[in-house]
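Residue numbers for the sequence shown follow the numbering used here, beginning at 300 and rising by one.
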Amino acid sequence: MEILAALLCAALLLFLNRILFTHLVSPSQQGTAPVFAVVPAAGSGDGLEQTLRHLHWLRTEKLSHFTILVVDAGLSPAGRELIETMLRKDPSLLFCPAEEAPLILKRKDNHGYFSL
Numbered sequence: 300m301e302i303l304a305a306l307l308c309a310a311l312l313l314f315l316n317r318i319l320f321t322h323l324v325s326p327s328q329q330g331t332a333p334v335f336a337v338v339p340a341a342g343s344g345d346g347l348e349q350t351l352r353h354l355h356w357l358r359t360e361k362l363s364h365f366t367i368l369v370v371d372a373g374l375s376p377a378g379r380e381l382i383e384t385m386l387r388k389d390p391s392l393l394f395c396p397a398e399e400a401p402l403i404l405k406r407k408d409n410h411g412y413f414s415l
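Here you go:
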């Protein structure tokens, strides 16, 4: 019985440690400028899905707050198919041609904040 209680306490401490560590390490978003993760995509998009999965994990774990912008830097038809599939999976993902990326990053609303 004592062993079970010790294991339960250890599991609880590990869980609380993860929550506290995540809360202490993650940056505050009050008063900060928006952050974009700009990911250039070329060719058939090799490694693109894994890169976006890693970035999505950072956002879901609240370790970082940013908007993901995938920029077409010469995607092949297979690469375009891949990005279209990923856009259907994650509606918060942004995609644009390379010429439009500066326009998206500079866009502001009436209050001076970036809007997409």
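All C-beta atoms, glycine included, are put in the ideal place defined by N, C-alpha and C.
Here the structure is a predicted model, which is why all the values come from computation and not from measurement.
Check: For I403, the residue or residues it bridges with in DSSP; Outcome: Beta-bridge pairing links I403 to no other residue.
Check: Given A341 as reference, the closest of L381, S363, C308 once Cα atoms are compared; Outcome: L381
Check: Which listed residue (L386, G344, P339, L306) has its alpha carbon closest to that of A397; Outcome: P339
Check: Other residues of its chain near S343: CB distance less than 6 Å, five sequence neighbours each side excluded; Outcome: S375, A377, G378
Check: Proximity to L392 [Cα-Cα], best of T321, F314, R358; Outcome: R358
Check: Contact with chain B by L381, beta-carbon distance below 9 Å; Outcome: Although the question refers to chain B, the structure presented lacks it and comprises just one protein chain.
Check: Nearest-angstrom Cα separation, counted from L312 out to C395; Outcome: 45 Å
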